[in-house]
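To start, the structure under review is shown below, and the notes come after it.
Residue numbers (my numbering): 59 to 758.
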């Protein structure tokens with residue numbers, strides 16, 4: 059793969075170049091010329107001798123020199139032939155701007171598959187089709203039909219939406235935010251987000267990677283690349299489609315609760331990717347990470363010339379999970395020596411409304427040099443005596459040698475504009491309101507925490523895989539995807555889950571005999587591969603205290619089930635010794651992009667109503683398992699509340715990690731529901747009361 063010939067070409071062929079200002083072929087050639095691209099440019103058009111003052115060639119074969127990059131902007135029906143010409147000419151890199159392929163009709167999809175075949179056959183580095191093009195300001199390369207490239211910078215951007223790129227370019231230009239690369243990846247026929255992450259890992263001009271994505275094609279590969287690359291270059295992604303439901307309705311509790319977007323949240327959190335929820339948020343964070351050092355901690359000091367905004371900032375910092383710095387006495391003495399007597403030397407540090415640039419500068423230098431804070435946010439409000447430009451320059455001067463981040467919050471519009479311009483010229487992140495500054499600082503702190511955390515280690519337990527293999531093989535042979543409770547529990551038993559004494563009773567006599575053996579109370583549940591939610595059809599009876607109650611429950615249950623589900627295959631009833639404790643649920647659903655996704659939450663019949671659940675991807679560490687539990691609203695109840703004893707949290711974590719190991723060992727498992735898992739008091743463990751498993755239709 060030759061990214062260098064795409065991003066740093068020495069020669070470019072513009073296939074479909076035009077004199078018509080309304081055509082894409084005009085815009086791309088005009089942008090290359092306007093940017094001053096230093097290499098050779100070869101317009102390709104069989105009807106012209108020159109285009110925009112540049113010698114034109116009828117075909118690629120007629121170009122006398124070597125071509126590093128070809129940009130295609132012709133009708134889709136001619137693209138495949140041009141790709142064949144590129145292969146003959148040994149063009150290493152191609153950008154196909156032309157649309158009408160996989161995103162359109164049946165013919166377009168057919169052409170898309172042939173395009174991919176040709177690209178692989180010719181070993182071409184290819185971007186698109188259906189894209190805006192590519193920009194590298196450091197190389198004076200604007201092979202796109204959007205806006206001017208803008209000034210070089212240190213934020214790389216790739217996007218599935220070309221139109222969004224033009225909006226971001228315009229926004230970036232107005233904020234003097236330069237880019238190291240802007241790529242419109244379009245339909246991702248070959249190059250996708252994983253390829254760009256891997257390339258940008260060692261790209262010298264890139265400090266931060268920003269992206270707009272609508273989907274991720276290779277989930278597991280993306281996670282590996284993002285976790286590795288993000289350690290040295292922060293990754294900020296705006297992913298659309300938060301509210302889009304899964305393409306296929308799920309039959310389990312876990313499936314119905316795990317929307318398609320939840321897996322992206324889990325994947326981003328696992329790998330340290332920062333998920334933006336707007337373009338504004340994307341670049342609030344990207345600009346801070348690109349041009350400021352990371353904080354080593356979460357203690358933030360606020361410097362302000364107005365008390366109210368300082369208090370506002372302190373509030374939003376604490377609400378965001380950051381700490382307002384507790385300044386040392388030595389720091390306060392130094393501040394008192396350079397500030398007026400009426401100033402506040404506590405955080406927020408109020409330098410008063412008449413503060414000029416020198417007063418801000420003196421306070422900032424003291425705070426930057428002190429070890430009682432990890433980052434600074436500087437607020438300025440325009441008052442009668444405010445030196446807007448002098449204060450901005452003071453921030454610039456102090457930032458040059460600072461080893462901790464300094465963010466600015468100049469509140470206002472026209473009155474603060476001259477200062478904002480100075481800050482932007484020197485790449486000091488500037489935010490018009492406290493909330494945006496605090497949020498950017500929070501993302502920096504969290505990124506630092508992610509980068510400094512120890513390597514993840516998912517434990518493995520000794521298990522017996524043989525029963526699992528046999529049960530799955532048996533169900534496959536009968537073309538059954540649903541593994542009912544009896545066999546599901548046999549699978550869990552092989553992985554050393556705790557289960558109550560149980561039997562599958564086909565007759566009343568079998569049921570009564572079991573009760574005499576293990577004692578009471580008992581729970582009775584219908585056993586049928588055709589009944590997913592047993593309680594909905596009267597297929598569950600608990601608290602059976604004697605043989606008479608067992609007989610009555612058996613007869614009534616069979617009668618009800620046969621009336622409500624006459625077509626269902628009935629295998630009997632599952633009888634279990636009842637367990638005491640608090641009900642929770644553990645589940646798993648296979649995500650098509652990222653693999654097994656675990657769920658934990660409050661169990662029982664109300665799980666889908668209350669939806670107090672959390673998710674994470676496998677493989678799961680014990681720390682991540684505990685974090686899943688801690689994030690639920692019912693966590694306080696689980697740990698003990700108002701005199702009530704807590705439950706065995708460690709046992710829940712143990713069960714989560716065992717499910718993680720099971721589904722990693724057997725990729726054919728598509729869904730698992732353990733509901734309820736009955737958790738006893740601390741040290742008493744947790745017992746699987748009900749379980750069901752779904753496997754893939756075909757062998758993995």
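We put the beta carbon where it would ideally sit given N, CA and C, even for glycine.
No experiment lies behind these values; they were computed from the predicted model shown.
Item	Value
Residue 747 to residue 64 span [Cα, whole Å]	59 Å
Between the CA atoms of residue 232 and residue 372 - distance to the nearest angstrom	29 Å
Coil, strand or helix - residue 750 by DSSP	strand
Beta-carbon spacing of residue 659, residue 735 below 8 Å	no
Rounded C-alpha distance that separates residue 121 from residue 188	26 Å
Within the region 199–233, ranges of the alpha helix (DSSP H) (whole runs, at least 4 residues)	220–232
DSSP-derived helix/strand/coil call for residue 128	strand
Length of the line joining the Cα atoms of residue 500 and residue 458	22 Å
Inter-stretch contact at 8 Å, needing at least 3 Cβ pairs: the region 522–531 / the region 550–561	yes
Cβ contact check for the region 436–452 and the region 373–389: 3 or more pairs under 8 Å	no
Where residue 110 sits in the DSSP three-state scheme	coil
Residue of 89, 631 and 453 minimising C-alpha distance to residue 129	89
Nonlocal neighbours in the same chain, by C-beta distance under 7 Å from residue 355, ignoring five residues either side	432
Boundaries (first-last residue) of the alpha helix (DSSP H) holding residue 171	164–180
Integer Cβ distance of residue 637 from residue 745, believed to fall under 8 Å	4 Å
Residue range of the unbroken beta strand (DSSP E) whose run includes residue 390	No beta strand (DSSP E) contains residue 390, which is instead part of the alpha helix (DSSP H) from 387–396.
Limits of the beta strand (DSSP E) - the one that residue 282 falls within	Careful: residue 282 lies outside any beta strand (DSSP E), inside the alpha helix (DSSP H) at 277–287.
Which of helix, strand or coil DSSP assigns to residue 568	helix
Proximity of residue 654 and residue 721 at Cβ, strictly below 8 Å	yes
Residue 105 classed as buried or exposed, judged by whether at least 16 other C-beta atoms fall within 10 angstroms	exposed
Sequence-distant residues of the same chain with beta carbon closer than 7 Å to residue 178, five excluded per side	none
Contact under 8 Å by Cβ, residue 706 with residue 738	yes
Classification of residue 346 by the beta-carbon crowding that lies within 10 angstroms, buried from 16 upward	buried
Where residue 489 falls, given that 16 or more other Cβ within 10 Å makes a residue buried	buried
Helix, strand or coil at residue 145 according to DSSP, with G and I counted as helix	helix
Stretch-stretch touch, CB-based, cutoff 8 Å, three pairs: the region 238–245 with the region 189–196	yes
For residue 204, the nearest candidate out of 81, 281 and 635 (CA to CA)	81
Backbone secondary structure at residue 321 - three-state DSSP	helix
Buried/exposed call for residue 149, threshold 16 Cβ in 10 Å	buried
Residue 675 and residue 324 closer than 8 Å at C-beta	yes
Complete beta strand (DSSP E) runs within the region 641–703 (minimum length 3 residues, chain order)	653–660 and 671–675
Candidates 406, 291, 752 and 643: closest to residue 534 by CA position	752
Cβ-based neighbour list, residue 279, same chain, cut-off 7 Å, excluding 5 preceding and 5 following	252
For residue 194, the first and last residue of its enclosing beta strand (DSSP E)	191–194
Paired residues, beta bridge with residue 184 - DSSP	152
Candidates 398, 419 and 83, of which the one nearest residue 410 by Cα	398
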